[in-house]
Amino acid sequence: MSDLSDLYQEVILDHNRRPRNWGSLADATRTAEGFNPLCGDRLKLHVRIDGDRVAGIAFEGSGCAISKASASLMTDAVKGKTLGEALDLFDRVHIMLTTPIDEAVDEAAVGKLAVLAGVREFPTRVKCASLAWHTLKSAITASPEVAKTE
Ligand code: ZN
10 MSDLSDLYQE VILDHNRRPR NWGSLADATR TAEGFNPLCG DRLKLHVRID GDRVAGIAFE
70 GSGCAISKAS ASLMTDAVKG KTLGEALDLF DRVHIMLTTP IDEAVDEAAV GKLAVLAGVR
130 EFPTRVKCAS LAWHTLKSAI TASPEVAKTE
């Protein structure tokens, strides 16, 4: 677990410093906003859905390092995936984040996202890590008419 903790710190710092897929997306077909009142994290997610696939994804907002890094990791992970695969990954990450700290997580189920399991050491920050995923889910499942706010 300590290896994963070290990696967790490293990955969070790296993605916070250089978030992947940061910004807006001119041709987005879905937009969703997420807010974590516990920490004050705000996230706006832009998704371009082409057929059944996440063809493009970007995010912006303001929040703590964990929320930003998690959004960065999430966008990297779901880009190019089908909507079904993205929702499946949401479920796997959700299971991982809610696994008790003294139990091993199924790293094979989530791939490199397993580093996020480190957040379980800080229970108040779990919502920071899950915010991007909940926002993704609402972006994917909402109807475009409702989700488009501009
Ligand atoms: Zn936060």
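Numbering-wise (our numbering), the sequence shown opens with residue 10 and increments by one. All C-beta atoms, glycine included, are put in the ideal place defined by N, C-alpha and C. Quick caveat: nothing in here was measured; it's all calculated off a predicted structure.
Local conformation of R26 per DSSP, three classes: Against the sequence shown, residue 26 aligns to sequence position 17. Looking at R26 - three-state DSSP - the assignment turns out to be helix.
Span of the alpha helix (DSSP H), counted from its first residue to its last, around K77: Here residue 77 corresponds to residue number 68 of the sequence shown, with the count starting at 1. Note, K77: alpha helix (DSSP H), A74 to V87.
Beta-carbon spacing of I66, T40 below 7 Å: To locate residue 66, count along the sequence shown from 1; it is residue 57. To locate residue 40, count along the sequence shown from 1; it is residue 31. Not a contact, by the Cβ cut-off of 7 Å.
Assigned secondary structure, I21 (DSSP; H/G/I helix, E/B strand, else coil): Taking the first residue of the sequence shown as 1, we reach residue 21 at position 12. In this structure, I21 counts as helix in the three-state DSSP scheme.
Cβ-heavy atom distance, G72 to the ligand ZN, below 6 Å: Taking the first residue of the sequence shown as position 1, residue 72 is located at position 63. Flag set: Cβ of G72 near the ligand ZN.
Helix, strand or coil at F44 according to DSSP, with G and I counted as helix: By 1-based counting over the sequence shown, the position of residue 44 is 35. F44 sits in a strand when the DSSP states are folded into three classes.
The stretch 42-61 in contact with the stretch 11-25 per 3-pair CB rule at 8 Å: no
Exposure of K121, with buried meaning 16 or more beta-carbon neighbours within 10 Å: If you number the sequence shown from 1, residue 121 lands on position 112. Exposed is the call here.
Proximity winner among A118, A123 and T107, relative to P94 (alpha-carbon distances): Here the question's residue 94 lines up with position 85 in the sequence shown. Sequence check: residue 94 is Glu here, not Pro. Here the closest residue by C-alpha is A118.
Under 7 Å between C-beta atoms of V87 and V63: For this step, residue 87 is matched to residue 78 along the sequence shown. For this step, residue 63 is matched to residue 54 along the sequence shown. Against a cut-off of 7 Å, the Cβ pair of V63 and V87 comes out as a contact.
Span separating the alpha-carbon of T158 from that of A37: Position 149 of the sequence shown holds residue 158. Position 28 of the sequence shown holds residue 37. Confidence in T158 is poor, its pLDDT being 39 and thus under 50, which makes the residue's placement unreliable; the coordinate value appears in the next sentence. Those two C-alpha atoms are separated by around 12 Å.
Buried versus exposed, by CB contacts within 10 Å (16 or more), A35: Counting from 1 along the sequence shown, the entry for residue 35 is found at position 26. Burial call: exposed.
Identity of the residue in K53, S76 and D61 nearest V135 by Cα: The sequence position of residue 135 within the sequence shown is 126, counting from 1. For the residues K53, S76 and D61, the minimum Cα distance to V135 belongs to S76.
Nonlocal neighbours in the same chain, by C-beta distance under 6 Å from V155, ignoring five residues either side: On the sequence shown, position 146 is the one that residue 155 refers to. Note on V155: pLDDT 44, under 50, position unreliable in the model; no value is reported.
Proximity winner among R129, I149, G32 and N25, relative to T91 (alpha-carbon distances): Looking up residue 91 in the sequence shown gives position 82. Of the candidates R129, I149, G32 and N25, the one whose C-alpha sits nearest the C-alpha of T91 is I149.
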